[in-house]
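Report on the structure given below.
Chains as they are written, first to last, in this note's numbering: chain A, 86 to 385; chain B, 86 to 385.
Structure representation (structure tokens):
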């Protein structure tokens with residue numbers, strides 16, 4: 086079966102509306118696009134539209150491709166000072182002359198909804214997350230909803246399960262490993278060198294849960310997946326559609342994997358729509374954090 | 086063969102003497118023991134002795150078992166203000182009433198040689214470590230020295246190797262996973278639930294490199310290890326010696342593993358002595374960090 090990411094995202098959006106209402110609607114998301122990367126620009130518009138739909142403040146900012154480090158950090162500082170903005174997202178990829186790590190370290194930690202600041206990455210890795218980056222969060226949200234729908238107990242469903250990750254990036258593979266360990270799964274982190282050494286298939290075939298995030302169209306085929314596995318596809322790749330245009334495909338060859346797997350998430354319509362909502366949800370979580378200290382000051 | 090941790094530690098200590106000399110000997114380690122945990126007290130004395138041996142300042146501090154959170158954090162602040170101290174180590178276990186995470190978050194990040202502060206844990210997980218916690222650092226130092234001694238190229242020796250970790254703690258298992266990924270190994274993180282699910286042996290048998298840190302005496306036996314594996318034992322357990330005393334054993338049953346493995350690290354005399362030196366080495370690294378800004382101020 087295919088997991089319907091759009092339906093899960095729609096339900097999550099309803100939850101989010103309630104959460105936003107509960108804090109009086111005071112949350113806002115700012116996105117910073119530097120340069121003209123097309124997928125990043127599309128993502129920025131999607132977040133902006135999603136925020137407006139649920140009545141959340143949105144500030145999509147654009148800087149030219151030749152923006153200096155100071156200009157980007159200055160923009161972040163300006164957004165930090167905006168009381169309507171609870172969450173700030175600097176979109177990737179950044180132009181090559183901008184050092185990611187300096188920009189991420191300049192993010193205000195309480196508005197750093199993608200946990201890119203080392204402090205938030207550390208809290209996550211120590212098992213005390215303030216924010217969970219939206220893509221791995223969305224993957225696990227999908228996994229949880231599928232697990233519930235299959236009638237399994239969320240409290241123990243992942244205990245000792247073989248969770249195989251393909252990809253070791255800071256924004257997906259590594260946080261997903263942490264989230265998997267927190268759910269008591271055995272976690273196998275595979276990547277390019279696993280494949281080079283000829284071991285990728287051994288590991289993917291043994292997976293109870295397979296999460297793939299490498300950006301290689303159709304890398305995972307049916308013969309690489311064990312009977313009954315749950316396969317979550319995080320890749321989004323634009324490929325030639327044979328008619329002069331492009332179409333989006335994932336890292337998983339859904340057609341050959343679906344007959345073997347218990348469930349597989351499609352691309353498009355899988356993890357993507359859930360991620361879009363999760364970004365906004367993290368902005369609401371950030372607003373709650375910024376409200377908390379004020380609440381604690383009420384002495385009576 | 087057994088890997089001689091003492092010999093590796095002795096060579097590392099010589100390197101360290103040179104590093105200390107290069108910065109004019111200006112480095113110091115402070116250790117904070119809260120309460121009367123015997124292994125922690127033994128560890129504190131070992132660090133103190135090691136520091137004095139190489140002419141490094143050492144400040145072993147003791148607080149009573151009923152010390153308040155404020156007293157512990159106050160002591161840390163006092164050590165932060167001491168210009169002779171470049172590295173601070175709060176020894177574990179802490180008494181149950183003290184919240185570890187609050188104490189670690191109060192460590193001055195530039196003196197936090199065990200990378201316990203979330204900021205340093207984050208820098209490590211993002212692949213930009215300021216400090217590498219001494220126990221996993223020592224395990225990989227041992228692995229590197231063994232790899233060199235076996236005539237393999239350190240640059241590529243771990244590419245696509247199956248690195249199996251048993252244990253998922255914040256101070257060993259998780260940083261070891263990060264260090265393994267940085268060396269291009271496929272990393273498998275096993276733990277209690279892997280064992281409960283009956284999968285531990287499958288994974289340990291497939292390991293090219295097996296690192297064990299769980300605190301279960303003799304958990305890993307020869308039948309659980311593949312031919313030619315390298316086995317690093319991080320466990321240190323005090324067990325009844327059958328004569329009214331105790332003796333130290335690791336998590337690996339060395340007698341049955343040695344004939345199967347390419348190499349195995351013994352306990353005692355394995356990772357432990359290297360760890361002791363690494364703590365001091367991190368204090369020298371911290372001193373370099375604290376010297377760096379002053380050096381940058383010399384304008385000419």
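Glycine included, C-beta positions come from ideal geometry on N, C-alpha and C.
Can you tell me whether DSSP reads residue i as helix, strand or coil?
| i | result |
| --- | --- |
| residue 186/A | helix |
| residue 146/A | strand |
| residue 44/B | The shown model of chain B, from 86 to 385, leaves out residue 44/B, and the question about it has no answer. |
| residue 332/A | strand |
| residue 112/B | coil |
| residue 361/B | helix |
| residue 261/A | helix |
| residue 158/B | helix |
| residue 279/A | helix |
| residue 323/A | strand |
| residue 107/A | helix |
| residue 88/B | coil |
| residue 220/A | helix |
| residue 296/A | strand |
| residue 271/B | strand |
| residue 369/B | helix |
| residue 356/B | helix |
| residue 135/B | helix |
| residue 342/A | helix |
| residue 348/B | strand |
| residue 118/B | strand |
| residue 301/B | coil |
| residue 376/A | helix |
| residue 236/A | coil |
Return no unless some Cβ of chain B is closer than 8 Å to the Cβ of residue i.
| i | result |
| --- | --- |
| residue 207/A | yes |
| residue 203/A | yes |
Among residues of its own chain, excluding the 5 on either side of residue i, which ones have a beta-carbon nearer than 7 Å to its beta-carbon?
| i | result |
| --- | --- |
| residue 126/B | 118 |
| residue 324/A | 302, 331, 332 and 334 |
| residue 239/B | 229, 232 and 233 |
| residue 360/A | 219, 220 and 223 |
| residue 110/B | 140 |
| residue 203/B | 190 |
| residue 210/B | 263 |
| residue 352/A | 318, 320, 321, 333, 334 and 335 |
| residue 122/B | 178 |
Kindly indicate if chain A contains any beta-carbon less than 8 Å away from that of residue i.
| i | result |
| --- | --- |
| residue 381/B | Any reading at residue 381/B must be qualified, since the residue scores a pLDDT of 42, below 50, and its modelled position is unreliable; no value is offered. |
| residue 288/B | yes |
| residue 186/B | yes |
| residue 211/B | yes |
| residue 384/B | For residue 384/B, the predicted structure reports a pLDDT of 38, less than 50, and the residue's modelled location is therefore unreliable. The matter cannot be settled from this model. |
By Cβ distance, which residues of its chain are closer than 6 Å to residue i, with the 5 residues on each side in sequence left out?
| i | result |
| --- | --- |
| residue 363/B | 219, 222 and 223 |
| residue 385/B | Residue confidence is low: residue 385/B scores 35 on pLDDT, short of 50, so the model does not pin down where it sits. No coordinate-derived value is stated. |
| residue 253/B | 274 and 276 |
| residue 371/A | 171, 172, 196 and 198 |
| residue 368/B | 112, 114, 171, 172 and 198 |
| residue 131/B | 361 |
| residue 86/B | 348 |
| residue 366/A | 101 |
Ordered along the chain, which non-local residues of its own chain (more than five positions away) have a Cβ less than 8 Å from that of residue i?
| i | result |
| --- | --- |
| residue 146/A | 115, 116, 117, 118, 160 and 164 |
| residue 180/B | 119, 120, 150, 151 and 152 |
| residue 310/A | 289, 290, 292, 295, 316, 342, 345 and 346 |
| residue 148/A | 117, 118, 119, 120, 156, 157 and 160 |
Can residue i be considered in contact with the ligand FAD, in the sense that its beta carbon sits closer than 7 Å to one or more heavy atoms?
| i | result |
| --- | --- |
| residue 256/A | Looking at this structure, you won't find the ligand FAD or any other ligand, since it has none at all. |
Legend entry - Selection of the region 267-283 of chain A by Cβ proximity to chain B, strictly under 7 Å: Within the region 267-283 of chain A, the qualifying residues are 269, 271, 272, 273, 274, 275, 278, 279, 281 and 282.
Inset, instruction - Check each residue of the region 245-261 of chain A: if its Cβ is closer than 9 Å to any Cβ of chain B, include it; give the result in chain order. - result: Against chain B - using a Cβ distance shorter than 9 Å - the residues of the region 245-261 of chain A are 245, 246, 247, 253, 255, 258, 259 and 260.
Inset, instruction - Examine the Cβ distances between the region 282-293 of chain A and the region 332-343 of chain A and report whether three or more of them are shorter than 8 Å. - result: No, the region 282-293 of chain A does not touch the region 332-343 of chain A.
Inset, instruction - Please determine if the region 206-220 of chain A and the region 342-354 of chain A are in contact, where contact requires at least 3 C-beta pairs separated by less than 8 Å. - result: No contact exists between the region 206-220 of chain A and the region 342-354 of chain A.
Inset, instruction - Could you run through the region 213-233 of chain B and flag, in chain order, every residue whose CB is less than 8 Å away from some CB of chain C? - result: Included in the structure are the protein chains A and B, with no chain C among them.
Inset, instruction - Kindly confirm or deny that the region 132-141 of chain B and the region 99-114 of chain B touch, where touching means at least three C-beta pairs closer than 8 Å. - result: Yes, the region 132-141 of chain B touches the region 99-114 of chain B.
Legend entry - Validate contact between the region 242-259 of chain A and the region 297-316 of chain A using beta carbons, cut 8 Å, 3 pairs: Using a C-beta cut-off of 8 Å, the region 242-259 of chain A makes contact with the region 297-316 of chain A, since at least three inter-stretch Cβ pairs fall below that distance.
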